Amino acid sequence: MNTRPGGSPTTSRFALLRDRLTFANLTALLALFVALGGTSYAALSVGSEQIVNNSVRSEDLHNNDVRGRDIHKDTVRGTDVRDGDLQGRDVRDNTITGTDVKESALGTVPSARDAQMFAGKPASAFLGSDKQLRVGPIKLAQGETKTVATSGPFTWTAACSDDPGGNTRLIVTVESTEPDGFIADFGGGGQPVSPGSPAEAFNSVSSGSVYTIGFPFSAVGPGGAAPAGIAFVGIKIGGADCLINGIIWP
């Protein structure tokens, strides 16, 4: 080993390196460091311009890493969501409004307060459609006969006719499919009614216009039927020769 006089072996090595460290050697060494460092920097700084379009796939993304802030606003559409995947827990509470719901897709609400209460009263305080029968207005021309109402075994029938002297006559009769029925009248006595034996509930004639209480829709049958109501009759009113209007509680 060659050494300079008075120098240690380590000092001799640094001296030898210094003698060989030329500008060309230093430039080459710096170029090597830049090349190596540049590759590492590029690997850590890949931008979208370095990625080929349509090349990043789902398997290239770490699970649960993509978040709302990574998605451009107003870009996710219904076609991007698989049918049946969204559930109630995926929607923020109290954010869906009436304008977000298709009305025709809604069914009938099984129970609602408005259906149970009206003006502070329960539904039981009101008569249902099965508890009353609206009659009329039934209009007849002279020569016509129409069924006015049917309740239980009883049927009321009206006949409008031209009476001599320019008068109009209205007659209402009651029939029953049960024997031994009974109908009420304003005379206080009432009348029996049976199959094939109709009873006359109203008979009036007029040459002018009249509208008045006509007859009670009241009858009793042996089978338990007991309808009750009232009828109003008119002659030459409401654009008709004869008219009947009323209500029955079956």
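The sequence shown runs 2 to 251 under our numbering.
We put the beta carbon where it would ideally sit given N, CA and C, even for glycine.
In this text the structure is predicted, and so the values were computed from the model without any measurement.
- When the Cα atoms are used, Lys103 and Ile97 turn out to be separated by approximately 12 Å.
- A straight line joining the alpha-carbon of Glu179 with that of Ala200 spans about 13 Å.
- Out of Val221, Val67, Gly69 and Arg170, the CA that lies nearest to the CA of Ile184 is found in Val221.
- Annotated three-state conformation of Lys132 is helix, per DSSP.
- If you check the CB distance, Ala159 and Val136 do not come in under 8 Å.
- Closest option to Gly144, judged by alpha-carbon separation, among Asn64, Phe155, Ser162 and Val211: Ser162.
- With a 10 Å radius around the Cβ and a threshold of 16 neighbouring Cβ atoms, Ala106 comes out exposed.
- Residue range Phe155 to Asp164 is occupied by the beta strand (DSSP E) that includes Thr156.
- Ser198 counts as exposed, since fewer than 16 other beta carbons sit within 10 angstroms of its beta carbon.
- Cβ neighbours of Val206 within its own chain (closer than 6 Å, five residues either side excluded): Asp164, Asn168 and Arg170.
- In the DSSP assignment, Ala200 falls within the beta strand (DSSP E) that extends over Ala200 to Ser207.
- The distance from the Cβ of Phe218 to that of Ala241 is about 20 Å, inconsistent with a contact at the 8 Å cut-off.
- In this structure, DSSP gives Arg170 an extended state, which the three-state scheme calls strand.
- In this structure, the alpha-carbon of Gly85 lies about 48 Å from that of Gln133.
- Distances from the alpha-carbon of Pro193 to those of Glu176, Lys147 and Lys122 put Glu176 closest.
- A residue is called buried once 16 or more other Cβ atoms fall within 10 Å of its Cβ, and Ile139 is buried on that count.
- In this structure, the straight-line span from the alpha carbon of Ser152 to that of Thr174 is close to 14 Å.
- With 16 or more other Cβ atoms from the protein chains shown falling within 10 Å of its own Cβ, Ala202 counts as buried.
- By the C-beta density criterion, Leu244 is buried, having at least 16 other C-beta atoms within 10 angstroms.
- Between Asp181 and Pro223, the CB-CB gap stays under 8 Å.
- With contacts defined by Cβ atoms closer than 8 Å, Asn204 and Ile248 do not form a contacting pair.
- Counting only residues of its own chain and dropping the five nearest sequence neighbours on each side, Ile238 has a CB closer than 7 Å to the CB of Ser210, Tyr212 and Leu244.
- In the structure shown, the three-state DSSP call for Thr80 is helix.
- When rounded, the separation of the alpha-carbon atoms in Pro228 and Thr156 is 11 Å.
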